[in-house]
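S.K.: I'd like to ask some things about the structure below.
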Amino acid sequence: VAENLRFELDQSELRQRELSARVRDLDKEAAELQGVVKDLQGQLSSVAARNNSETSNGVNHQIVDLHERLTASETKNMNLLSKLDEALNEKGQQTTSNSAWKIQELLEKLKAAEEERLAAKKEAEDKARHSERLSEQLKLREEELRTCEEKLARVKARASDDKEEALARLEELQSVVGRIQGALTLKEKETGNLRAQLQGVQASLEGRERQAEELRKRLQEEREEVEQRCGLTCEELEGQMLDLRRILKSREKELAASSETIQHLEEQLDKLNAERETPCSEGEDTDTMVCSDQDYKTRCDSLMEINTKLLQTIAVSETSIIELTESRAVLLDQLAASKASEKHLKARMEAASMNVEDKEQKILDENLRLEQSLQKVLLQKEELDARLKKLQQENLDLLDAQSSLKAPLTMTQEMLESTKAEMVEKNLTASQKSQSELLEKLQETEEKLRAQTEICGHLQGRADELENRTREIYYEKGAAELNEKTSSLESKEAPSKLVMAEAQLELNLREVARLREEVVELRAQLLAGNQEKMKLQALQEVTAASREDLRMLVDQLKAQVEELNRKHVDDILRSQEREEALIRERDGEARARAGLTAEVMSCREEAERLKMSYEAVRVENGESREALHRANTETAELGVHVCMLTAEKEEARLRWEDLSTRLQELEEEATQEAERLNACVEQLRQENQELRCQLQTEEDLLALKQRLQEVETLRTASQQGIQVLQLHLSSQSASHDNQLQKVTPELQEVKSQLEKEQERFFSLENKLKQMEAENQRCSQQIEEKNIQMAKSANLILQKEDELIHLKENLSRSEESLAAAQQACEEMAENLRRVTQDKQSFDLRTAAELDDLYRTKVNLEERLVELIREKDALWQKSDALEFEQKLRDEETERDFNYCLGCRTQFSWWLRKYNCRLCGRPFCYYCCSNTVSTRQGGSRESCCQDCYSQHSAVVERHPQVEVTHSTPGSPFSRLLQTTRSLAGVAGGDEGEKLDDGVFDIITEEEVSGVNDTDSFTTACSPGLGQQGAAELCASAADVPSEDAEDLSAAVQDAEICLLKSGELTLSVRFTVDDILEFGDSPRELFIKSSCYSIISITMSSPGPTVSWTFTSEPKRISFSVVYRENAEAPVEQAKVLIPLTRCNSHKETIQGELKVRNPGEYVLIFDNSFSRFISKKVLYHLSLDKPVVYGGTDLL
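If you count by the UniProt record's numbering, then the sequence shown holds residues 1 to 1194, one letter each, in order.
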């Protein structure tokens, strides 16, 4: 826009220079006219009057022209000023956008200041005192502002009209802001719908991108085809034009040859045979010429048709290209909008998935931002107060200057209005005259064209007659030749007849050539006449369009005035509706806050009730076993955690209340400052409009100054003419005296003539005196106007400087207003975020309370089951004791042999008592194992008790060979594994944290430790010694037993994948892992559930590495391989068995080299923890193998 304005300014300067050059030319013409006056000394009286009248008329016409040009330049200057205002507005918008970017940068810097939060808490009291002082200062300044506003009200009364316009503009801006806010709320509502539509939008975007690519390809192909066609058609046309030129050249050559043949025929009159052949050849040539002309015309018509078709195809292709570009732009806009919505949704999802601590940190950061924004607003307020004082002083000065300038401005405005009215009337009369002249010219040209068409018709008729005559002559020649053959007498007269026929032929050919030339000239005249007619029609259309434009401008101005009035009324109504809506919103927020406080109180009461019930349950179950004690301690820890959560909730609620009060105060202050800034902006806009009006009057003064300069040039020219006339009169009087002295006898005859000349002389002197008086009066007026113009120029310069300062102040105030509005919007957004965070926090606490209630119910049910099991065990133990006593009474003496195989006991065959009946047996007869309760520990018994005892609940068949020797390899493997369990279980038995709630006996705990010791021995976290022992123990195991053991371990992972409850499943490909980034990702695992990360590998070779940590306690980890994602779980292979890792204390690292393509599943198992959910932070990376081509070895 600035470049266009500069270009137009340069054009206006060039036009002003042209006008000055024309004025100089006119001055030169005036000087020439004065020279003519000097030459015509003999006819002073008549010539002087004529010259004066002619010069006055010429000057008047020139003044009229100059006035017209000045009006045109004034209109252009006004357009330029409007464009400058638009450019300034655009610059203001750019400054607002730049201020927004600066605010964002400041917000980013504020994030870096989070570490100084603790020091800021200590200084909070000092800041509170400072804020109180500032509030007192604000009150004082508000009083000062009230006084200033009273002074300004007096100034506003004088400029009420300008104020109304400024208010209308401000209301329009506010309406635009309201619309934008409404659109923002609608967009926030639409985000929920957009979440569901994201996948469909992505698919549609991909389809549209494909369509866009296809459209691009089609466009390129169509462009190439059109270019090829255009190139081919152009080449064909050029080739046809060259052919036509060649044909014309050949025809010209043929004409020249025919003329030469005619001359040759005149020389060779004696040869009759040659003369007979030549006319035949000439007739054939003329026939060919006619045919060639017709062919040329047909070719020209065909070429014109081809050209029109090509133009039509080019226009169609251009329209299609434009439509495709528009569709592409629309698709790109939709892409950008969808991407922006995706980013916004991702940001919202991240904000929703943040923890309470992060939100607390955010709230504190927002507090710091609000405090800093408060300080900035206060500083801006002080600056604006200083600027207000300066503006008030400047307004007073301007009002004084305006009162002094009003009188001369009114005079100049009246003069300008009168001159403008005269100029408009003259322009209208001139345009009407020009239109009438154009119509007359059009009629004359039409008549000329008609006459020329008639002449062409006559000439074509004559040409046809001549062609008919030539044909008749040819026929006569043929008849003459036939007659010559028949008669010899006629042959003597033939030469004379041939000579006459040849002469007539030559005359006819010349006439044909002349007629053709006349036809060509007439056609050229016809074309010229048509062009002139078109030009005249275009001029007429331009004049009519200018008239219609003027009428349309008047109608538009009237419509704009009416629309402004309507908009003003609509904006007032809208502002009232907005105020009512804001009041309603505040009431709704107050109700919501009251509801939130009531909900918090109810949550507290429910938490206290739960505590009381929990304590009662703990007192009732205090006498149970150690497992129950462990369960109670864990529930106590949960209660403490609940208390911590409630305390944190109370703290968050208090912080939220403080923030809400602080936000209300900040909103009130922001509204007050916004109102004050709006008042300042209204004042500045009013002053700006006044200065613009003054600028317009000053521009009118500049135009008057130019006109006065022109009048001064005319006055100097008239003074020079008067001086010349005086010199001429003095010279004439001297010549008359000389003539009187020389010619005394002729005095009597010439007395009458002298008297007449003296009378004329006196009349001329009177006229000269009158002209001198008028010139003096004009010179005095010009001097006075020059003085006034000088004063007005000084005032204009001063006003321009003041205008520049006011514009700068206006831009600054607008920037501060935009910053305040942005701060208000940020506060509103922060309030909304805080409310959303509170709602999410309430939902989480409710979910946690529900979990606690469920755990309580589960514990109560488990307690009842344990009491029942305890009663059953006591009854069984009493029955066993009674039976044992009976058997002891029956067998009073001891047996030294086995009751099963009847072999005596010795040092190598030990005695074993059956755990059910108590009788002595050897190891081989007492190797059966049973359990007296469901899922209980195993006990050794004899064969009779194994098959017939009533207390047996479960019978366990023997896995190993029944009669194996004591030193068998499998027994050694069991001994090594149990020794390892004793070493590892002794240290880690106390550290178990997740299985505490499994209420089991001590023997079951030892069994669990045995199984855990076997799995943890296989984990990579053990030392080298444990691994060596395991390898040594595994070396002794046979291959069949090892396969059975691996199958047993493998079944645990496969059973987990089959029957376990899945929380989350995350899928990755090679590209996803390469784009994983540096930051870890989060995986959530519910209690008694598991989560998996599946990695699909398409080719072998790369190595996948992982690191992970867990919160709040440890987790089990495993890796399973499958050939496909659709392959059954039974076919999966376990690469790393389930191992519990201390990932809550240290980061676990691992890697896996891909040897087969397929799906690798990382399992994070939390099924052993019945009540605690866990969170895993993991990071994946991929290293591809480096393949060498062998070139570096050469």
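Ideal Cβ placement from N, Cα and C applies to all residues, glycine included.
Computed from a prediction, not measured in an experiment: that's the story for all the values here.
Three or more beta-carbon pairs under 8 Å between the region 1064-1077 and the region 1094-1107, yes or no?
M.R.: Enough Cβ pairs lie closer than 8 Å, so yes.
S.K.: Go to ILE1092, then tell me how far its beta strand (DSSP E) extends in each direction, as first and last residue.
M.R.: Taken as a continuous stretch (DSSP letters only), the beta strand (DSSP E) holding ILE1092 covers 1090-1097.
S.K.: Given THR1063, which residues of its chain have a CB within under 6 Å of its CB, disregarding the five upstream and five downstream residues?
M.R.: Answer for THR1063: ILE1085, LYS1086, CYS1089 and SER1091, listed in chain order.
S.K.: Does DSSP classify ILE1172 as helix, strand or coil?
M.R.: Of the three classes helix, strand and coil, the one that applies to ILE1172 here is coil, per DSSP.
S.K.: Give the DSSP-derived three-state secondary structure of ASP1165 in the structure shown.
M.R.: Of the three classes helix, strand and coil, the one that applies to ASP1165 here is strand, per DSSP.
S.K.: Which of the three DSSP states is assigned to ALA1027 in this structure?
M.R.: Any reading at ALA1027 is ruled out, since the residue's pLDDT is 34, under 50, leaving its predicted position unreliable.
S.K.: Got a sec, what are the start and stop residues for the alpha helix (DSSP H) TYR1121 sits in?
M.R.: Here TYR1121 belongs to no alpha helix (DSSP H); instead the beta strand (DSSP E) covers 1115-1122.
S.K.: In angstroms with no decimal places, state the Cα-to-Cα distance between GLU32 and LEU727.
M.R.: The straight-line gap from Cα to Cα measures roughly 17 Å.
S.K.: If you reduce the DSSP assignment to three classes, tell me which class GLU954 lands in.
M.R.: Three-state result, GLU954: strand.
S.K.: What three-state label does DSSP hand GLU465 in the structure shown?
M.R.: GLU465 falls in the helix class under three-state DSSP.
S.K.: Considering CYS941, what are the terminal residues of the beta strand (DSSP E) in which it resides?
M.R.: Where CYS941 is concerned, the enclosing beta strand (DSSP E) stretches over 939-941.
S.K.: On the DSSP letters alone, give me the boundaries of the beta strand (DSSP E) that LEU1135 sits inside.
M.R.: Segment 1133-1141, the beta strand (DSSP E) holding LEU1135.
S.K.: Where do the N-terminal and C-terminal ends of the alpha helix (DSSP H) with VAL1070 fall, by residue?
M.R.: It spans 1070-1074 - the alpha helix (DSSP H) in which VAL1070 sits, taken as one unbroken run.
S.K.: Could you spell out where the beta strand (DSSP E) holding TRP1106 opens and where it closes?
M.R.: Per DSSP, TRP1106 belongs to the beta strand (DSSP E) from 1103-1111.
S.K.: Helix, strand or coil: how does DSSP classify ARG1081 here?
M.R.: Reduced to three states, the DSSP call for ARG1081 is strand.
S.K.: So, is the C-beta of VAL724 closer than 7 Å to a C-beta in chain D?
M.R.: The structure shown contains no chain D, having only a single protein chain.
S.K.: Name, in chain order, the residues that DSSP records as bridge partners for GLU1065.
M.R.: The sequence shown places Ser at residue 1065, rather than the Glu named in the question. According to DSSP, which records beta bridges pairwise, SER1065 is partnered with ILE1092.
S.K.: Output the distance between the C-alpha atoms of CYS824 and GLU675, rounded to the nearest integer angstrom.
M.R.: CYS824 and GLU675: Cα-Cα distance of roughly 13 Å.
S.K.: Give a yes or no on whether the C-beta atoms belonging to PHE1108 and TYR1160 are separated by under 7 Å.
M.R.: Cβ distance not < 7 Å, so PHE1108 and TYR1160 don't count as in contact.
S.K.: Tell me which residues share the same chain as VAL554 and place their Cβ nearer than 6 Å to its Cβ, disregarding the 5 neighbours each side in the sequence.
M.R.: Closer than 6 Å at Cβ, skipping near neighbours: no residue.
S.K.: Mapping the DSSP letters down to three states, classify TYR923 as helix, strand or coil.
M.R.: Coil at TYR923, not helix or strand.
S.K.: Anyone know if the C-beta pair for GLY529 and LEU449 falls short of 7 Å?
M.R.: Closer than 7 Å, so yes.
S.K.: Should the region 1167-1182 be called in touch with the region 1113-1133, which here means at least 3 C-beta pairs below 8 Å?
M.R.: Yes: the two stretches touch, three or more of their Cβ pairs being nearer than 8 Å.
S.K.: If we count Cβ pairs, one from each stretch, closer than 8 Å, do we get three or more for the region 924-931 versus the region 945-960?
M.R.: Segments in contact, yes.
S.K.: For GLU502, count neighbouring Cβ atoms within 10 angstroms of its own Cβ and tell me buried if that reaches 16, exposed if not.
M.R.: GLU502 comes out buried.
S.K.: How big is the Cα-Cα spacing for ASN794 and MET411?
M.R.: Their Cα atoms are separated by approximately 19 Å.
S.K.: Distance check for SER20 and VAL724, CA to CA, integer angstroms please.
M.R.: If you take the alpha carbons of VAL724 and SER20, they lie about 26 Å apart.
S.K.: Can you tell me whether GLU930 is helix, strand or coil according to DSSP?
M.R.: Correcting the residue type first, residue 930 is Val in the shown sequence and not Glu. DSSP places VAL930 in strand when its eight states are reduced to three.
S.K.: Suppose you measure from the CA of PHE1117 to the CA of ALA1132; what does that come to, to the nearest Å?
M.R.: Approximately 16 Å, taken between the alpha carbons.
S.K.: Less than 8 Å between the CB atoms is what I'm expecting for ALA820 and LEU677, so what's the real figure, rounded?
M.R.: The pair is a contact, with the Cβ atoms about 7 Å apart (cut-off 8 Å).
S.K.: Applying the 10 Å Cβ sphere with the 16-neighbour rule, what's the burial state of LYS799?
M.R.: That one is buried.
S.K.: Report the option in PRO1185, GLU755 and LEU810 whose CA atom is closest to the CA atom of GLN686.
M.R.: Of PRO1185, GLU755 and LEU810, the residue nearest in Cα terms is LEU810.
S.K.: Between which two residues does the beta strand (DSSP E) containing GLU1151 stretch?
M.R.: From DSSP, the beta strand (DSSP E) with GLU1151 extends over 1148-1153.
S.K.: If ALA951 and LYS876 are in contact, beta carbons under 8 Å, what's the gap, nearest whole angstrom?
M.R.: Sure, about 6 Å apart at Cβ, within 8 Å.
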